[in-house]
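Student: Please read through the structure below; I'll follow up with questions.
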Amino acid sequence: MKQKRIGEVLRERYGCKVYKLSLDAGFTCPNRDGSKGIGGCIFCSQGGSGEFAEKGVDIKEQLERAKKRIEQKNKGGKYIAYFQAFTNTYGPVERLRELYLAAMEPKEIVELSIATRPDCLSEEIVALLAELNQIKPITIELGLQTIHEATAAYIRRGYPLSVFEDGVRRLKAAGLAVVVHMILGLPGESERQMLETARYIGESGAEGIKIQLLHVLQGTDLAKDYAAGKFRCLSFEEYASLLEKCLALLPEEMVIHRLTGDGAKKDLIAPLWSADKKRVLNELRKRLES
Ligand code: SF4
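So the sequence shown is numbered by the working numbering: it starts at 1288 and just counts up by one.
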């Protein structure tokens, strides 16, 4: 694999391992509250893809609790505050300012990572992010998943590719780092289409990519289509081979933030081989190194 992984990049930047602390700041998502849709993206879990974060707890307290859980591994270490659950720029600018500043305050928090949608990045919000980026580096994560409009409609992403392009352009112009999520194995997509998405992200101007395996989770509409036999999930072999091909298309300077998905094990319906994340990552690493 010619690209660097994020762990390596952070180690070079800070001289130690840097852990991400997942937060749930109590946001919802325009794809769930009715402004864009009510059901959410077809694969999205009840936790808004943020199962590792704690609900209803003050941000500083969440950071403290998350730190405590890994303190043994990371005594005196550094962290990234990760606004993960739902859409983390979906709120009034003053509220966002308060939350981000609270997360930035502890000295051991070296960066902020904010997961959101490109249609929730008003000029005011981008200006706020640019301002706070001067205090501590901020990375914006955008869930693109695919560049193909038919698949985007099926998964109910709720915005066209042009909105993503505009969002990335404005974030880059404001000096912010961008990481893009893509999913391999979306129903109906051919290998060629998935590789087209990877190539597009590689050329989009984003610094990083998260490549995820499509997971079917309990309680999602995707689970209904899976139960009805409308699609099947990728095997490990298929996923590994697609991943290799995607990585070959991505530029060397693109940072790899994820090589597979991260769904909550208790809710996983398929593919079951992905449940043992450690083993899967080891196998993928071995394969990519060889
Ligand atoms: S935009 Fe994100 S939080 Fe909202 S429904 Fe889709 S995956 Fe879930």
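Heads up, the beta-carbon is just placed ideally off N, CA and C, and yes, glycines get one too.
Would you check whether the ligand SF4 has a heavy atom nearer than 6 Å to the C-beta of F1373?
Tutor: For the ligand SF4, at least one heavy atom lies less than 6 Å from the Cβ of F1373.
Student: Can at least three beta-carbon pairs, one atom from the region 1396-1416 and one from the region 1315-1324, be found at a separation below 8 Å?
Tutor: Touching, per the Cβ criterion.
Student: Cα separation between K1532 and L1504?
Tutor: Each residue's alpha carbon lies about 26 Å from the other.
Student: Would you call the CB atoms of G1582 and Q1349 closer than 7 Å?
Tutor: Outside the displayed range of the chain (1288 to 1577) lies residue 1582, so it cannot be described from this structure.
Student: Kindly list the residues whose CB is nearer than 8 Å to the CB of A1414, restricted to its own chain and excluding five residues on each side of it in sequence; keep chain order.
Tutor: So the list reads A1461, once near-sequence residues are dropped.
Student: Mind checking which residues open and close the alpha helix (DSSP H) that includes K1573?
Tutor: Run containing K1573: K1564 to E1576, per the alpha helix (DSSP H) assignment.
Student: Would you call Q1371 buried or exposed, if buried means 16 or more other Cβ atoms sit within 10 Å of its Cβ?
Tutor: Buried, by the Cβ-count rule.
Student: Residues in the same chain with beta-carbon distance under 7 Å from L1509, minus the five sequence neighbours each way, listed in chain order, please.
Tutor: I1329, F1330 and V1503, listed in sequence order.
Student: Thinking V1455 and H1544 are a contact (beta carbons under 8 Å), I'd like their distance in whole angstroms, please.
Tutor: So it is not a contact: roughly 16 Å between Cβ atoms.
Student: Determine the extent of the alpha helix (DSSP H) in which E1358 is found, giving its start and end residues.
Tutor: Per DSSP, E1358 belongs to no alpha helix (DSSP H) and is neither H nor E.
Student: Let me check understanding here. Comparing Cα to Cα, which of E1411, A1515 and E1398 lies closest to E1381?
Tutor: Nearest of E1411, A1515 and E1398 to E1381, Cα basis: E1411.
Student: If you follow the beta strand (DSSP E) that Y1306 is part of, which residue opens it and which one closes it?
Tutor: Here the beta strand (DSSP E) through Y1306 covers V1305 to L1310.
Student: Whose C-alpha, out of D1554, K1355, E1398 and L1537, is nearest the C-alpha of K1291?
Tutor: Closest by alpha carbon: L1537.
Student: Based on Cα-Cα distance, which residue from T1376, E1351, L1408 and R1384 lies nearest to I1396?
Tutor: Cα-wise, what sits closest to I1396 is E1351.
Student: State the start and end residues of the unbroken alpha helix (DSSP H) segment that holds L1529.
Tutor: From DSSP, the alpha helix (DSSP H) with L1529 extends over F1523 to L1536.
Student: Which word fits L1559, buried or exposed, when buried means at least 16 other C-beta atoms lie within 10 angstroms of its C-beta?
Tutor: L1559 comes out exposed.
Student: Among the residues of its own chain, which have a CB less than 6 Å from the CB of F1518, if the five just before and after it don't count?
Tutor: Excluding residues within five positions, the ones whose Cβ falls inside 6 Å are P1474.
Student: Name the DSSP beta bridge partners of E1428, please?
Tutor: According to DSSP, E1428 bridges with A1402 and V1466.
Student: Is N1569 near the ligand SF4 - that is, is its Cβ less than 6 Å away from at least one heavy atom of it?
Tutor: No, the Cβ of N1569 stays beyond 6 Å of every heavy atom of the ligand SF4.
Student: Which residue or residues does DSSP assign as beta-bridge partners of F1263?
Tutor: As displayed, the chain neither begins before 1288 nor continues past 1577, which places residue 1263 out of reach and without an answer.
Student: For M1469 and P1447, I'd like the C-alpha separation in whole angstroms.
Tutor: Rounded to the nearest angstrom, the two C-alpha atoms are 15 Å apart.
Student: Beta strand (DSSP E) containing R1545: first to last residue?
Tutor: Looking at the DSSP string, the run of the beta strand (DSSP E) that includes R1545 is V1542 to R1545.
Student: Helix, strand or coil, according to DSSP, for R1292 in the structure here?
Tutor: Here R1292 sits in strand by DSSP.
Student: Check for me: the beta strand (DSSP E) holding L1555 runs from which residue to which?
Tutor: L1555 to A1557 is the extent of the beta strand (DSSP E) around L1555.
Student: Mind reading off the beta-carbon distance from Y1581 to G1472? Whole number of angstroms is fine, and I expect it under 8 Å.
Tutor: The chain is shown from 1288 up to 1577; residue 1581 falls before or after that span and cannot be answered.
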